[in-house]
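Report on one structure; see the data block that follows.
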Amino acid sequence: MNQGQRTSKSRRYLTELVQTYIVKALHTAKQWRVQLIRWLYKYSAWSVASLFLVGLSLSIVMAACSPRNVNNTGNAGVASQSDVTLTFVSYSVTNAAYQQIIPKFIEQWKKEHNQNVTFNQSYDGSGSQTLAVIDGKEADVVHLSLALDINKLVEAGFIQSGWEKEAPNDAIVTKSLEAIAIREGNPKNIKTWADLARDGVNVMMPDPRSSGGARWNFLSLWGSVTKAGGNENQAIDFISKVYNNAPLLPKTARNASELFFKDGQGDVLLNYENEMILSAQNGEKFPFVVPDVNISIDNPVAIVDKNVDKHRTRPIAEAFIQFLYTPDSQREFSKLGFRPVDLTIAKETAANFPKIKTIFKAEDLGGWEEIQKKFFDEGAIFDKIRAKKS
(Lines of atoms letter the chains of each structure in order from A and count residues from 1; the text may use other names and numbers.)
(Lines give C-alpha, C1' and ligand atoms only; values in the text may rest on other atoms or scores of the structure.)
Protein backbone atom coordinates (compact mmCIF):
# COMPACT_ATOMS: atom_id res chain seq x y z
CA MET A 1 0.00 0.00 0.00
CA ASN A 2 1.55 3.31 -1.07
CA GLN A 3 1.55 6.53 0.90
CA GLY A 4 -1.42 7.95 -1.02
CA GLN A 5 -3.53 4.85 -0.30
CA ARG A 6 -2.65 4.91 3.39
CA THR A 7 -3.55 8.59 3.59
CA SER A 8 -6.87 7.98 1.80
CA LYS A 9 -7.71 5.09 4.11
CA SER A 10 -6.85 7.16 7.18
CA ARG A 11 -9.03 9.97 5.98
CA ARG A 12 -11.95 7.57 5.38
CA TYR A 13 -11.50 6.10 8.84
CA LEU A 14 -11.41 9.51 10.50
CA THR A 15 -14.38 10.67 8.45
CA GLU A 16 -16.41 7.61 9.52
CA LEU A 17 -15.44 8.28 13.12
CA VAL A 18 -16.59 11.88 12.84
CA GLN A 19 -19.87 10.74 11.31
CA THR A 20 -20.39 8.32 14.21
CA TYR A 21 -20.05 11.12 16.73
CA ILE A 22 -22.32 13.36 14.71
CA VAL A 23 -25.04 10.68 14.53
CA LYS A 24 -24.91 10.33 18.31
CA ALA A 25 -25.12 14.09 18.67
CA LEU A 26 -28.13 14.30 16.39
CA HIS A 27 -30.07 11.97 18.68
CA THR A 28 -29.73 14.27 21.66
CA ALA A 29 -29.07 17.78 20.36
CA LYS A 30 -31.50 20.64 19.93
CA GLN A 31 -32.10 22.18 16.52
CA TRP A 32 -29.41 24.83 16.85
CA ARG A 33 -26.80 22.17 17.48
CA VAL A 34 -27.95 20.24 14.43
CA GLN A 35 -27.55 23.39 12.32
CA LEU A 36 -24.02 23.81 13.63
CA ILE A 37 -23.07 20.32 12.45
CA ARG A 38 -24.49 21.06 9.01
CA TRP A 39 -22.51 24.29 8.89
CA LEU A 40 -19.29 22.41 9.66
CA TYR A 41 -19.94 20.00 6.84
CA LYS A 42 -20.51 22.88 4.44
CA TYR A 43 -16.98 24.17 4.91
CA SER A 44 -15.10 21.17 3.56
CA ALA A 45 -11.78 23.02 3.58
CA TRP A 46 -11.45 22.05 7.21
CA SER A 47 -9.06 19.18 7.73
CA VAL A 48 -10.39 15.79 8.75
CA ALA A 49 -8.44 16.03 11.96
CA SER A 50 -10.12 19.32 12.83
CA LEU A 51 -13.53 17.86 12.12
CA PHE A 52 -12.74 14.92 14.36
CA LEU A 53 -11.80 17.19 17.26
CA VAL A 54 -14.88 19.36 16.80
CA GLY A 55 -17.15 16.33 16.48
CA LEU A 56 -15.66 14.80 19.61
CA SER A 57 -16.10 18.03 21.57
CA LEU A 58 -19.67 18.51 20.39
CA SER A 59 -20.67 14.96 21.25
CA ILE A 60 -19.32 15.33 24.77
CA VAL A 61 -21.02 18.68 25.32
CA MET A 62 -24.28 17.47 23.81
CA ALA A 63 -24.31 14.32 25.89
CA ALA A 64 -23.83 16.42 29.00
CA CYS A 65 -26.52 18.91 28.02
CA SER A 66 -29.15 16.47 26.75
CA PRO A 67 -32.17 16.33 29.10
CA ARG A 68 -32.76 12.68 28.14
CA ASN A 69 -29.16 11.61 28.70
CA VAL A 70 -28.68 12.41 32.39
CA ASN A 71 -27.90 9.50 34.67
CA ASN A 72 -30.78 9.30 37.15
CA THR A 73 -29.20 6.88 39.60
CA GLY A 74 -27.59 7.88 42.85
CA ASN A 75 -26.11 11.36 42.81
CA ALA A 76 -24.98 11.29 39.16
CA GLY A 77 -25.86 14.44 37.26
CA VAL A 78 -26.18 16.63 40.35
CA ALA A 79 -24.11 19.79 40.16
CA SER A 80 -22.23 18.92 43.34
CA GLN A 81 -22.65 17.19 46.67
CA SER A 82 -23.08 20.52 48.35
CA ASP A 83 -26.49 21.86 49.29
CA VAL A 84 -28.87 22.25 46.36
CA THR A 85 -32.02 24.33 45.80
CA LEU A 86 -35.07 23.09 43.92
CA THR A 87 -37.53 25.75 42.74
CA PHE A 88 -41.10 24.48 42.94
CA VAL A 89 -44.10 26.33 41.54
CA SER A 90 -47.71 25.30 42.15
CA TYR A 91 -51.24 26.64 42.18
CA SER A 92 -52.54 28.20 45.36
CA VAL A 93 -54.69 25.50 46.96
CA THR A 94 -51.92 22.87 47.05
CA ASN A 95 -49.89 24.90 49.56
CA ALA A 96 -51.15 23.14 52.70
CA ALA A 97 -50.47 19.67 51.29
CA TYR A 98 -46.92 20.51 50.29
CA GLN A 99 -46.10 21.84 53.75
CA GLN A 100 -46.48 18.20 54.83
CA ILE A 101 -44.98 16.47 51.79
CA ILE A 102 -41.86 18.51 51.05
CA PRO A 103 -40.21 18.03 54.50
CA LYS A 104 -40.64 14.26 54.09
CA PHE A 105 -38.94 14.32 50.70
CA ILE A 106 -36.10 16.45 52.07
CA GLU A 107 -35.58 13.95 54.86
CA GLN A 108 -35.62 10.98 52.50
CA TRP A 109 -33.20 12.58 50.02
CA LYS A 110 -30.78 13.47 52.81
CA LYS A 111 -30.91 9.92 54.12
CA GLU A 112 -30.37 8.32 50.72
CA HIS A 113 -27.93 10.80 49.14
CA ASN A 114 -26.36 12.69 52.05
CA GLN A 115 -27.28 15.98 50.41
CA ASN A 116 -29.32 18.87 51.79
CA VAL A 117 -32.16 20.11 49.58
CA THR A 118 -33.80 23.50 50.01
CA PHE A 119 -37.11 24.20 48.29
CA ASN A 120 -37.83 27.62 46.86
CA GLN A 121 -41.65 27.42 46.85
CA SER A 122 -44.23 29.61 45.11
CA TYR A 123 -48.05 29.33 45.20
CA ASP A 124 -50.50 31.43 43.18
CA GLY A 125 -53.21 31.05 40.55
CA SER A 126 -52.31 28.42 37.96
CA GLY A 127 -52.58 30.82 35.03
CA SER A 128 -50.52 33.43 36.85
CA GLN A 129 -47.85 30.87 37.71
CA THR A 130 -47.62 29.77 34.09
CA LEU A 131 -46.99 33.35 32.98
CA ALA A 132 -44.46 33.82 35.78
CA VAL A 133 -42.40 30.84 34.56
CA ILE A 134 -42.52 32.14 30.99
CA ASP A 135 -41.46 35.58 32.25
CA GLY A 136 -38.43 34.24 34.09
CA LYS A 137 -39.37 32.43 37.31
CA GLU A 138 -36.90 29.55 37.02
CA ALA A 139 -39.07 26.69 38.24
CA ASP A 140 -37.59 23.20 38.18
CA VAL A 141 -40.93 21.49 38.83
CA VAL A 142 -44.48 22.73 38.31
CA HIS A 143 -47.74 21.31 39.68
CA LEU A 144 -50.53 23.23 37.97
CA SER A 145 -54.28 23.13 37.96
CA LEU A 146 -54.78 21.99 34.41
CA ALA A 147 -52.92 20.50 31.46
CA LEU A 148 -53.61 23.60 29.40
CA ASP A 149 -51.11 25.56 31.49
CA ILE A 150 -48.43 22.87 31.09
CA ASN A 151 -49.00 22.96 27.34
CA LYS A 152 -48.41 26.71 27.32
CA LEU A 153 -44.97 26.03 28.81
CA VAL A 154 -44.38 23.47 26.05
CA GLU A 155 -45.26 26.05 23.42
CA ALA A 156 -42.93 28.56 25.06
CA GLY A 157 -40.03 26.09 24.94
CA PHE A 158 -39.72 25.39 28.66
CA ILE A 159 -41.07 21.84 28.72
CA GLN A 160 -40.55 19.15 26.10
CA SER A 161 -43.55 17.62 24.36
CA GLY A 162 -44.53 14.21 25.69
CA TRP A 163 -44.35 15.40 29.30
CA GLU A 164 -47.51 13.39 30.06
CA LYS A 165 -45.52 10.17 29.74
CA GLU A 166 -42.68 11.29 32.01
CA ALA A 167 -44.62 10.53 35.21
CA PRO A 168 -47.16 7.92 36.33
CA ASN A 169 -50.88 8.26 35.59
CA ASP A 170 -50.25 10.48 32.56
CA ALA A 171 -48.61 12.97 34.95
CA ILE A 172 -51.87 13.60 36.84
CA VAL A 173 -50.83 13.67 40.50
CA THR A 174 -53.97 14.98 42.25
CA LYS A 175 -57.70 14.99 41.52
CA SER A 176 -60.71 16.77 42.90
CA LEU A 177 -64.32 17.67 42.05
CA GLU A 178 -66.34 20.85 42.07
CA ALA A 179 -68.26 21.80 45.20
CA ILE A 180 -70.65 24.54 46.29
CA ALA A 181 -70.16 25.99 49.77
CA ILE A 182 -73.31 27.38 51.37
CA ARG A 183 -74.05 29.43 54.47
CA GLU A 184 -75.10 27.83 57.75
CA GLY A 185 -78.74 26.75 57.58
CA ASN A 186 -78.67 27.11 53.75
CA PRO A 187 -80.84 30.27 53.73
CA LYS A 188 -80.82 30.39 49.90
CA ASN A 189 -81.89 26.72 49.65
CA ILE A 190 -79.03 25.76 47.33
CA LYS A 191 -79.16 22.11 46.26
CA THR A 192 -78.09 21.90 42.62
CA TRP A 193 -76.17 23.78 39.96
CA ALA A 194 -79.41 25.29 38.66
CA ASP A 195 -79.98 27.14 41.94
CA LEU A 196 -76.95 29.35 41.25
CA ALA A 197 -78.81 31.11 38.43
CA ARG A 198 -81.73 32.24 40.61
CA ASP A 199 -82.27 35.92 41.29
CA GLY A 200 -80.85 37.12 44.58
CA VAL A 201 -78.10 34.49 44.87
CA ASN A 202 -74.67 36.09 45.28
CA VAL A 203 -72.05 33.73 43.81
CA MET A 204 -68.36 33.86 44.79
CA MET A 205 -65.88 32.27 42.38
CA PRO A 206 -62.47 33.18 40.92
CA ASP A 207 -61.62 34.68 37.53
CA PRO A 208 -60.95 32.26 34.62
CA ARG A 209 -58.47 34.75 33.19
CA SER A 210 -56.04 34.13 36.07
CA SER A 211 -57.22 30.98 37.87
CA GLY A 212 -57.14 27.41 36.68
CA GLY A 213 -59.74 26.60 39.31
CA ALA A 214 -62.08 29.13 37.75
CA ARG A 215 -61.82 27.36 34.42
CA TRP A 216 -62.83 24.14 36.12
CA ASN A 217 -65.75 26.11 37.63
CA PHE A 218 -66.81 27.23 34.17
CA LEU A 219 -66.57 23.74 32.68
CA SER A 220 -68.57 22.29 35.58
CA LEU A 221 -71.37 24.78 34.94
CA TRP A 222 -71.25 24.03 31.22
CA GLY A 223 -71.30 20.26 31.73
CA SER A 224 -74.12 20.51 34.27
CA VAL A 225 -76.31 21.46 31.29
CA THR A 226 -74.78 19.65 28.31
CA LYS A 227 -74.15 16.38 30.18
CA ALA A 228 -77.72 16.39 31.46
CA GLY A 229 -79.43 16.63 28.07
CA GLY A 230 -79.29 20.38 27.46
CA ASN A 231 -77.90 22.08 24.36
CA GLU A 232 -75.16 24.70 24.08
CA ASN A 233 -77.52 27.66 23.83
CA GLN A 234 -79.13 26.57 27.09
CA ALA A 235 -75.66 26.22 28.65
CA ILE A 236 -74.68 29.75 27.58
CA ASP A 237 -77.94 31.18 28.95
CA PHE A 238 -77.46 29.37 32.27
CA ILE A 239 -73.81 30.38 32.71
CA SER A 240 -74.61 33.98 31.82
CA LYS A 241 -77.12 34.10 34.66
CA VAL A 242 -74.61 32.59 37.10
CA TYR A 243 -71.90 35.14 36.20
CA ASN A 244 -74.44 37.93 36.48
CA ASN A 245 -74.82 36.76 40.08
CA ALA A 246 -71.05 37.05 40.60
CA PRO A 247 -70.23 40.73 41.24
CA LEU A 248 -66.60 39.97 42.11
CA LEU A 249 -64.15 37.55 40.47
CA PRO A 250 -61.04 37.17 42.69
CA LYS A 251 -57.68 36.28 41.18
CA THR A 252 -57.32 32.77 42.65
CA ALA A 253 -59.40 29.99 44.15
CA ARG A 254 -57.71 30.63 47.50
CA ASN A 255 -58.62 34.35 47.31
CA ALA A 256 -62.25 33.42 46.66
CA SER A 257 -62.27 31.06 49.64
CA GLU A 258 -60.84 33.72 51.95
CA LEU A 259 -63.43 36.27 50.87
CA PHE A 260 -66.24 33.79 51.44
CA PHE A 261 -65.09 32.16 54.67
CA LYS A 262 -63.21 34.98 56.39
CA ASP A 263 -64.88 38.12 55.06
CA GLY A 264 -68.40 36.75 54.77
CA GLN A 265 -68.87 37.76 51.13
CA GLY A 266 -71.25 35.79 48.92
CA ASP A 267 -74.14 33.39 49.51
CA VAL A 268 -72.35 30.49 47.83
CA LEU A 269 -68.78 29.69 46.84
CA LEU A 270 -67.71 27.62 43.84
CA ASN A 271 -64.42 25.94 44.47
CA TYR A 272 -62.53 22.67 44.64
CA GLU A 273 -63.95 19.97 46.87
CA ASN A 274 -60.52 19.69 48.50
CA GLU A 275 -60.58 23.39 49.38
CA MET A 276 -63.92 22.92 51.15
CA ILE A 277 -62.57 19.97 53.10
CA LEU A 278 -59.46 21.93 54.10
CA SER A 279 -61.57 24.89 55.23
CA ALA A 280 -63.61 22.56 57.43
CA GLN A 281 -60.39 21.18 58.94
CA ASN A 282 -59.35 24.75 59.73
CA GLY A 283 -62.48 25.26 61.79
CA GLU A 284 -64.61 26.98 59.16
CA LYS A 285 -67.72 24.81 59.58
CA PHE A 286 -69.62 25.77 56.46
CA PRO A 287 -71.72 23.08 54.81
CA PHE A 288 -71.18 22.31 51.14
CA VAL A 289 -72.79 20.41 48.28
CA VAL A 290 -70.96 18.21 45.76
CA PRO A 291 -73.36 18.05 42.78
CA ASP A 292 -74.13 14.66 41.23
CA VAL A 293 -73.10 15.86 37.77
CA ASN A 294 -69.47 16.85 38.17
CA ILE A 295 -66.13 17.18 36.43
CA SER A 296 -62.97 15.30 37.32
CA ILE A 297 -60.46 18.03 38.12
CA ASP A 298 -57.16 16.48 37.03
CA ASN A 299 -54.03 18.34 38.12
CA PRO A 300 -50.72 17.61 36.32
CA VAL A 301 -47.11 17.81 37.40
CA ALA A 302 -44.08 18.26 35.15
CA ILE A 303 -40.36 18.93 35.08
CA VAL A 304 -39.38 22.24 33.46
CA ASP A 305 -36.72 20.82 31.15
CA LYS A 306 -35.15 24.13 30.21
CA ASN A 307 -34.52 25.04 33.84
CA VAL A 308 -33.46 21.69 35.30
CA ASP A 309 -30.83 21.34 32.61
CA LYS A 310 -29.60 24.84 33.35
CA HIS A 311 -29.54 24.16 37.10
CA ARG A 312 -28.43 20.51 36.73
CA THR A 313 -31.21 19.46 39.08
CA ARG A 314 -32.94 16.85 36.91
CA PRO A 315 -32.19 13.82 39.14
CA ILE A 316 -33.61 15.56 42.21
CA ALA A 317 -36.59 16.94 40.27
CA GLU A 318 -37.44 13.51 38.90
CA ALA A 319 -37.08 11.93 42.33
CA PHE A 320 -39.39 14.55 43.82
CA ILE A 321 -42.08 13.89 41.22
CA GLN A 322 -41.86 10.15 41.82
CA PHE A 323 -42.16 10.82 45.55
CA LEU A 324 -45.51 12.55 44.95
CA TYR A 325 -46.97 9.24 43.75
CA THR A 326 -45.88 7.23 46.78
CA PRO A 327 -48.60 6.00 49.16
CA ASP A 328 -47.27 8.33 51.86
CA SER A 329 -47.62 11.43 49.68
CA GLN A 330 -50.97 10.35 48.29
CA ARG A 331 -52.27 9.94 51.86
CA GLU A 332 -51.10 13.46 52.66
CA PHE A 333 -52.95 14.82 49.62
CA SER A 334 -56.02 12.86 50.70
CA LYS A 335 -55.91 14.21 54.25
CA LEU A 336 -56.23 17.69 52.81
CA GLY A 337 -59.14 16.83 50.56
CA PHE A 338 -57.59 15.73 47.27
CA ARG A 339 -58.87 12.48 45.77
CA PRO A 340 -55.89 10.12 45.45
CA VAL A 341 -54.70 8.89 42.07
CA ASP A 342 -53.17 5.82 43.72
CA LEU A 343 -55.92 3.20 43.48
CA THR A 344 -55.01 1.51 46.75
CA ILE A 345 -55.11 4.80 48.66
CA ALA A 346 -58.29 5.76 46.80
CA LYS A 347 -60.02 2.63 48.12
CA GLU A 348 -58.55 3.19 51.56
CA THR A 349 -59.97 6.73 51.74
CA ALA A 350 -63.19 6.29 49.72
CA ALA A 351 -65.42 6.77 52.78
CA ASN A 352 -64.05 10.32 53.15
CA PHE A 353 -65.60 11.49 49.88
CA PRO A 354 -69.20 11.60 48.64
CA LYS A 355 -70.13 9.33 45.75
CA ILE A 356 -70.99 10.99 42.43
CA LYS A 357 -73.41 9.68 39.79
CA THR A 358 -71.97 11.35 36.66
CA ILE A 359 -68.33 12.37 36.33
CA PHE A 360 -67.02 13.77 33.05
CA LYS A 361 -63.54 14.86 32.02
CA ALA A 362 -62.03 17.71 30.04
CA GLU A 363 -61.49 15.22 27.22
CA ASP A 364 -65.27 14.74 27.03
CA LEU A 365 -65.53 18.43 26.12
CA GLY A 366 -62.99 18.13 23.33
CA GLY A 367 -59.72 18.34 25.26
CA TRP A 368 -57.88 21.43 26.44
CA GLU A 369 -56.89 22.75 23.03
CA GLU A 370 -60.51 22.80 21.92
CA ILE A 371 -61.68 24.05 25.33
CA GLN A 372 -59.28 26.99 25.21
CA LYS A 373 -60.31 27.96 21.69
CA LYS A 374 -64.03 27.59 22.32
CA PHE A 375 -64.35 29.10 25.79
CA PHE A 376 -61.34 31.12 26.88
CA ASP A 377 -59.52 32.63 23.90
CA GLU A 378 -60.01 36.34 23.34
CA GLY A 379 -63.51 36.88 21.99
CA ALA A 380 -64.63 33.32 22.83
CA ILE A 381 -67.68 32.31 24.89
CA PHE A 382 -66.42 33.56 28.27
CA ASP A 383 -65.58 37.01 26.90
CA LYS A 384 -68.98 37.22 25.26
CA ILE A 385 -70.69 36.35 28.53
CA ARG A 386 -68.71 38.96 30.43
CA ALA A 387 -69.39 41.57 27.74
CA LYS A 388 -73.13 41.06 28.20
CA LYS A 389 -72.77 41.71 31.93
CA SER A 390 -70.79 44.93 31.49
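Note that this note's numbering numbers the sequence shown so that position 138 is 138, with each residue one more than the last. Idealized CB from N, CA, C, for every residue including glycine.
Contacts around residue i, its chain only, beta-carbon distance under 8 Å, and the 5 residues preceding and following it disregarded
i    : result
D263 : none
E164 : A147, D170, A171 and P300
A387 : none
K111 : none
V201 : K188, I190, D195, N245, D267 and V268
K361 : I295, S296 and D298
Coil, strand or helix - residue i by DSSP
i    : result
P315 : helix
P327 : helix
I159 : coil
L148 : helix
F333 : helix
Q265 : coil
D124 : strand
L249 : coil
T349 : coil
V133 : helix
Contact under 7 Å by Cβ, residue i with residue j
i    : j    : result
K152 : T130 : yes
S126 : G212 : yes
N307 : D83  : no
S349 : S334 : The amino acid at residue 349 is misidentified as Ser; the sequence shows Thr. Cβ distance < 7 Å, so T349 and S334 count as in contact.
M205 : A256 : yes
I180 : V304 : no
T226 : A214 : no
S210 : E178 : no
W193 : I297 : no
Beta-carbon proximity list for residue i, same chain, < 7 Å, skipping 5 on both sides
i    : result
A156 : I134
F320 : L86, F105 and V141
E392 : Only positions 1 to 390 of the chain appear in the structure, and residue 392 is not among them; the question remains open.
Same chain, Cβ closer than 6 Å to residue i, neighbours up to 5 away in sequence not counted
i    : result
N274 : S176, G337 and F338
I182 : I190, V268 and P287
M276 : A179, A181 and F288
Heavy atom of the ligand GTP within 6 Å of residue i beta-carbon
i    : result
V290 : Annotation note on the ligand GTP: not contained in the displayed structure, which lists no ligands.
Whole-Å CB distance - residue i paired with residue j, under 8 Å assumed
i    : j    : result
A351 : S92  : That pair is no contact at about 28 Å.
P327 : I345 : 6 Å
Item checked: Segments assigned alpha helix (DSSP H), at least 4 residues, entirely inside the segment 358-387 -> 367-371
Quiz prompt | 3-residue-minimum beta strand (DSSP E) runs that sit fully inside the segment 165-235, ordered along the chain | solution = 172-176 and 178-182
Margin query: Which runs of the beta strand (DSSP E) at least 3 residues long sit entirely within the segment 286-311? Give them in chain order.
Written below: 293-295 and 297-303
| query | Which full runs of the beta strand (DSSP E) of 3+ residues lie inside the segment 78-114, going along the chain? | reply | 84-91
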